[in-house]
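Line by line, the protein sequences give chains C and W. The opening residue of the first sequence carries number 156 in my numbering; numbering runs sequentially from there. The opening residue of the second sequence carries number 156 in my numbering; numbering runs sequentially from there.
2 protein chains.
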Amino acid sequence: MSTLNKNIGLIGFGVVGQGFYSYLEENKEEKLLPKIVIKNNNKERDEVKAKFITEADEVINDKSVETVVELISDDKEAFDIVTKALKAGKNVVSANKKMIANNLEKLLELENKSKGRFLYEGAVCGSIPIIRTLNDYYSLDTVTQIQGIFNGSTNYILTQIFKDNVSYQESLAKAQKLGFAEADPTSDVSGSDALYKLLILTTHAFGKFISPSKVLKIGIQNITDSDIAFARENNLKIKLIASVKSNNNKLWLSVLPTFITNDSVFYNVDNEFNAVEVVSESIGKQTLIGKGAGSLPTGQVIYSDYKAPENYKYKYDKILSGKRIKYETQEFIWVYSDKITQFEKYIEEVVIINKSEGYAKVSIADLIKIQEELLDEKLSLIALTDEALKQLNKKYEFAYALQYA
Amino acid sequence: MSTLNKNIGLIGFGVVGQGFYSYLEENKEEKLLPKIVIKNNNKERDEVKAKFITEADEVINDKSVETVVELISDDKEAFDIVTKALKAGKNVVSANKKMIANNLEKLLELENKSKGRFLYEGAVCGSIPIIRTLNDYYSLDTVTQIQGIFNGSTNYILTQIFKDNVSYQESLAKAQKLGFAEADPTSDVSGSDALYKLLILTTHAFGKFISPSKVLKIGIQNITDSDIAFARENNLKIKLIASVKSNNNKLWLSVLPTFITNDSVFYNVDNEFNAVEVVSESIGKQTLIGKGAGSLPTGQVIYSDYKAPENYKYKYDKILSGKRIKYETQEFIWVYSDKITQFEKYIEEVVIINKSEGYAKVSIADLIKIQEELLDEKLSLIALTDEALKQLNKKYEFAYALQYA
Ligand SMILES: NC(=O)c1ccc[n+]([C@@H]2O[C@H](COP(=O)([O-])OP(=O)(O)OC[C@H]3O[C@@H](n4cnc5c(N)ncnc54)[C@H](OP(=O)(O)O)[C@@H]3O)[C@@H](O)[C@H]2O)c1
Ligand SMILES: NC(=O)c1ccc[n+]([C@@H]2O[C@H](COP(=O)([O-])OP(=O)(O)OC[C@H]3O[C@@H](n4cnc5c(N)ncnc54)[C@H](OP(=O)(O)O)[C@@H]3O)[C@@H](O)[C@H]2O)c1
Chain C
156 MSTLNKNIGL IGFGVVGQGF YSYLEENKEE KLLPKIVIKN NNKERDEVKA
206 KFITEADEVI NDKSVETVVE LISDDKEAFD IVTKALKAGK NVVSANKKMI
256 ANNLEKLLEL ENKSKGRFLY EGAVCGSIPI IRTLNDYYSL DTVTQIQGIF
306 NGSTNYILTQ IFKDNVSYQE SLAKAQKLGF AEADPTSDVS GSDALYKLLI
356 LTTHAFGKFI SPSKVLKIGI QNITDSDIAF ARENNLKIKL IASVKSNNNK
406 LWLSVLPTFI TNDSVFYNVD NEFNAVEVVS ESIGKQTLIG KGAGSLPTGQ
456 VIYSDYKAPE NYKYKYDKIL SGKRIKYETQ EFIWVYSDKI TQFEKYIEEV
506 VIINKSEGYA KVSIADLIKI QEELLDEKLS LIALTDEALK QLNKKYEFAY
556 ALQYA
Chain W
156 MSTLNKNIGL IGFGVVGQGF YSYLEENKEE KLLPKIVIKN NNKERDEVKA
206 KFITEADEVI NDKSVETVVE LISDDKEAFD IVTKALKAGK NVVSANKKMI
256 ANNLEKLLEL ENKSKGRFLY EGAVCGSIPI IRTLNDYYSL DTVTQIQGIF
306 NGSTNYILTQ IFKDNVSYQE SLAKAQKLGF AEADPTSDVS GSDALYKLLI
356 LTTHAFGKFI SPSKVLKIGI QNITDSDIAF ARENNLKIKL IASVKSNNNK
406 LWLSVLPTFI TNDSVFYNVD NEFNAVEVVS ESIGKQTLIG KGAGSLPTGQ
456 VIYSDYKAPE NYKYKYDKIL SGKRIKYETQ EFIWVYSDKI TQFEKYIEEV
506 VIINKSEGYA KVSIADLIKI QEELLDEKLS LIALTDEALK QLNKKYEFAY
556 ALQYA
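Have a look at this one:
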């Protein structure tokens, strides 16, 4: 094949686009990139060898382009670009988790009909090669759980809260000032960003496509000073944990602020770092920790997707067995709140620590209901890991015994 | 290509060989494996479809065999097998870290001349895909450090010491009973096994081939009860850490028992788990944690090597730049000992805690000399991480100030 039809069509030249570009430079491949598509023609930009244009179609329909690298911000426009590019038979690389989580089933159909391939390692936990690891190593293994810290902004905010003894609001402001959180942090602090990543991994590990709107998701935006004080008192940290678990052909998912004990690997995953833990039948627990975002860390995996071996594609080998698996919300979680008595009617079991403060066993389905009912109020709920539950039960044995005597 | 010449030649049917075989079964590929080579024809074995034979040459010279999977115990015999197989143009998969660490340069020459490829993910930290991660993601990045817990047996022994409050000897005995340590544990407890893995990663990350005999290596076999007591008093754990660092075209390596503070990711990597931390200029710190050994965890990566995309080979892209890098031993390390005064003449700086107990700054070169001089005596030395040094300095400030007043 001549190099002429090996060109790259880069669409989007923001944080990640520029990171990707710096690897092309490093490897002296800028000549493969005659044009870069951006939105705003009047923005000042670093000088590069490519010509800036504003029409994505111009690179998508360019016969010399073999790989389209889609790195724009909007998810709907991105879906349109990726669809067209796959239809045009291009290899496509993307990092747009929202677009992918919302459209993965359709995207696979498009890929199946295309002579191109669709890779998107950059969409999940930045520099951590979790999709390839699932794809290359877990085909013949049964994954039972994936959980982790999938959002760097919220982890940075939570870390500062515990390190500097500040409130959620102060910590958010600092994270924004330092560029670790966006001006509009909604997608991060609400847990949406973590949820998109969780759903993409759920397809690779369990073969299921689940709509984001169906999943229990509580962000960190309502965490109170008394939640933080309680964590500190008990030598716990709060992390935003996304989790998917499977058992007996059932599947449960959630994104929840969670108390972590100091013997957990997640306890020392701080600042902007992400972590993914995969539990499987054959190899047990495996954990990958690294930077979940940023120009160079994300640019690097985009570059590796672009450079993947010629016949490399994601295999999605769980989709067949996934047909037997049902998404469920009938699973109990222990949650802490300083207003636990507010949800009395949904509570299965409770340990009251003091007045309205305590922790209770509630089903995922009921937590979703509680969220809907309390939509206007600020709901602060922190889940407990099994270890955190054990630790608290030991301490509050007395309260517990009194209630269940 | 007909399936006839896609056969597998499996040599070795022990812990790992049987693990590999179970994935072939799972994927209904046993028919690709008509013969398995073993050593002892009289051993009782689980029934399998393949025929057991004792002549490795019979599969190496078999035209129907495309991939030779070498999983025997001895390193010299393994080198012979791998050499012949590459010369015969076969793809080769191996997990023999001792053989690879001692012969990697020659093996690459053989691979370069062969139409086959040589993959060995199973040789380094079992289930953790660290070689592929370095190969696929770090080509254009500059790695500055790799360190980690590379040996599961020693980590299991050290974990039990701290959990059950037992001595090194008791813990070793328990690990042997449970199958986490070999009957002859020398290669594990002396640090050799960790060193072999470190040297393989050094080639992938820095492009250097270094002989095991040149590297500072202290095992865990001489750890004393008072070392353990000191760790406990200071809320530290001891882990066997293998490390390679590079700066300014210099490279330092060591395998040392090391005090770890409780804010380190390694602190909660316990029992038979391994961890690898890669630090690089573009993506910062990345850590992979998982089972470092065992039949299924190792068998799984052997299977993935066997199944790697057709044109996949390790790239060794650092070998060119590696030519500029020099292996050095002029670097200082802080070490603790309850007999620190024994090495007085080599000490650059010291903090005496009590009589002969203390911690001192010593060069790698001098630590190697100390080891040689004290060959007959039991030498217990525990390195300090930067964080451990900081923590101890704070506590022993007073002692320190007195000495350097
Ligand atoms: N930032 C991270 O660390 C990170 C990590 C993982 C994944 N991601 C994902 O990667 C993607 C890109 O993120 P980013 O942070 O690089 O975004 P960004 O900094 O906001 O940059 C977006 C780029 O896309 C261009 N653009 C927007 N709409 C366009 C359109 N319709 N046609 C052509 N170009 C368009 C913008 O053009 P102008 O330059 O003219 O404004 C800009 O260059 C997103 O999906 C994000 O979720 C980001
Ligand atoms: N065990 C682990 O978890 C692990 C993890 C990573 C890497 N590794 C590496 O993987 C390799 C295999 O380890 P293992 O634990 O599976 O060893 P093992 O249980 O001792 O099994 C060795 C096998 O090799 C056979 N064998 C020995 N010499 C042979 C020869 N000259 N020709 C043909 N067959 C021969 C033995 O035959 P018999 O059955 O007749 O005795 C046995 O089946 C070693 O290099 C080891 O370092 C092991």
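Ideal Cβ positions, reconstructed from N, Cα and C, are used throughout, including at glycine.
With 16 other Cβ atoms within 10 Å as the buried cut-off, status of residue i
i	result
C:E532	exposed
W:R272	buried
C:P412	buried
W:L371	buried
C:F553	exposed
C:L475	exposed
C:P452	buried
C:N290	buried
C:E561	Chain C is shown from 156 up to 560; residue 561 of chain C falls before or after that span and cannot be answered.
C:S435	buried
W:N251	buried
W:A515	buried
W:K218	exposed
W:G244	exposed
Residue i versus residue j: straight-line alpha-carbon distance, rounded
i	j	result
W:I110	C:K332	Shown here, chain W extends from 156 to 560; a query on residue 110 of chain W therefore has no answer.
W:D541	C:W489	38 Å
C:P340	W:E225	52 Å
W:P284	C:K500	48 Å
W:R479	W:G447	32 Å
C:Y323	C:T379	8 Å
C:K231	W:D230	57 Å
C:V506	W:N426	33 Å
W:K183	W:Y461	15 Å
W:V431	C:K524	43 Å
W:I208	W:G169	14 Å
C:S535	W:L356	46 Å
W:Y491	W:L313	17 Å
C:L327	W:L443	29 Å
W:S157	C:K369	Caution applies to W:S157, whose pLDDT of 47 falls short of 50 and renders its modelled position unreliable; the value that the coordinates give is listed next. Distance between the alpha carbons of W:S157 and C:K369: 48 Å.
C:S409	C:Y351	11 Å
W:F361	C:P189	33 Å
W:I537	W:I215	46 Å
Residue i at chain C interface by Cβ criterion, 8 Å
i	result
W:L327	no
W:P452	yes
W:K494	no
W:D418	yes
W:Q441	yes
W:P189	no
W:M156	Because W:M156 carries a pLDDT of 43, less than 50, the predicted location of this residue cannot be relied on, and the following value inherits that uncertainty. It does not: the Cβ of W:M156 has no partner Cβ on chain C nearer than 8 Å.
W:N426	no
W:E465	yes
W:N429	no
Beta carbon proximity, residue i to chain W, threshold 8 Å
i	result
C:P412	no
C:D201	no
C:P284	yes
C:K183	no
C:V456	yes
C:K446	yes
C:E564	Only positions 156 to 560 of chain C appear in the structure, and residue 564 of chain C is not among them; the question remains open.
C:S437	yes
C:S308	no
Heavy atom of ligand 3 within 7 Å of residue i beta-carbon
i	result
W:K440	This structure does not include ligand 3; its bound ligands are ligand 1 and ligand 2.
Cβ distance (whole Å) where residue i is taken to contact residue j below 8 Å
i	j	result
W:S511	W:Q485	Their Cβ separation, rounded to whole angstroms, is 27 Å, which puts W:S511 and W:Q485 out of contact at 8 Å.
C:S398	C:Q302	4 Å
W:F234	W:G454	Between W:G454 and W:F234 the Cβ distance is about 22 Å, and since that is not below 8 Å, they are no contact.
C:Y482	C:K363	7 Å
C:L391	C:I304	Incorrect: roughly 15 Å between the Cβ atoms, too far for contact.
TODO: With 7 Å as the limit, tell me which residues of the stretch 289-305 of chain C have their beta carbon closer than that to any beta carbon of chain D; keep them in chain order.
DONE: This model lacks chain D altogether; the protein chains it does include are C and W.
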